[in-house]
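Q: Take this structure, written in structure tokens, and hold onto it; I'll ask about it next.
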Amino acid sequence: MLSYGIVRKVDELGRIVIPKETREQLQIAIKDPLEIFTDNNTIVLKKYQPGCLFCGKIEGLHEIKGRWVCSSCIQDILAEAEQKAD
-5 MLSYGIVRKV DELGRIVIPK ETREQLQIAI KDPLEIFTDN NTIVLKKYQP GCLFCGKIEG
55 LHEIKGRWVC SSCIQDILAE AEQKAD
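Taking the numbering used here, the leading residue of the sequence shown gets -5, the next gets one more, and so forth.
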């Protein structure tokens, strides 16, 4: 974990500002969703990556009606639908 020695104060709404240089280095754009975790006394921010609705994989995703589904699960769904149609 890198330490830059930058100190930020929390405002009255509980917000902090992530320095521009850090956002650029980590390719965090305006409106990007971030996940917030705690680990003992540490707060961890991580860029949010949606996972497949069925298996949780984050590779090969397709958005279907606002939900993310991987190619493998799409094939499984189509195969099951075909079997039930017979």
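Glycine included, each C-beta is placed from N, C-alpha and C at the ideal position. Every value quoted in this text rests on a predicted model; they were computed, and no experiment measured them.
Skipping 5 residues on each side, what residues in its chain have a beta carbon closer than 6 Å to that of A75?
A: none
Q: Kindly indicate which three-state DSSP category K14 falls into: helix, strand or coil?
A: Of the three classes helix, strand and coil, the one that applies to K14 here is helix, per DSSP.
Q: Apart from the five residues on each side of it in sequence, which residues of its chain come closer than 6 Å, Cβ to Cβ, to F31?
A: V38
Q: Taking 7 Å as the cut-off, decide whether the C-beta atoms of W62 and L55 are in contact.
A: yes
Q: Going by C-alpha to C-alpha distance, which of E57, R2, D5 and K25 sits closest to Y42?
A: K25
Q: Looking at C-alpha atoms only, which residue of I12, N34 and Q19 is the closest neighbour of I0?
A: I12
Q: Using three-state DSSP, classify E53 as helix, strand or coil.
A: coil
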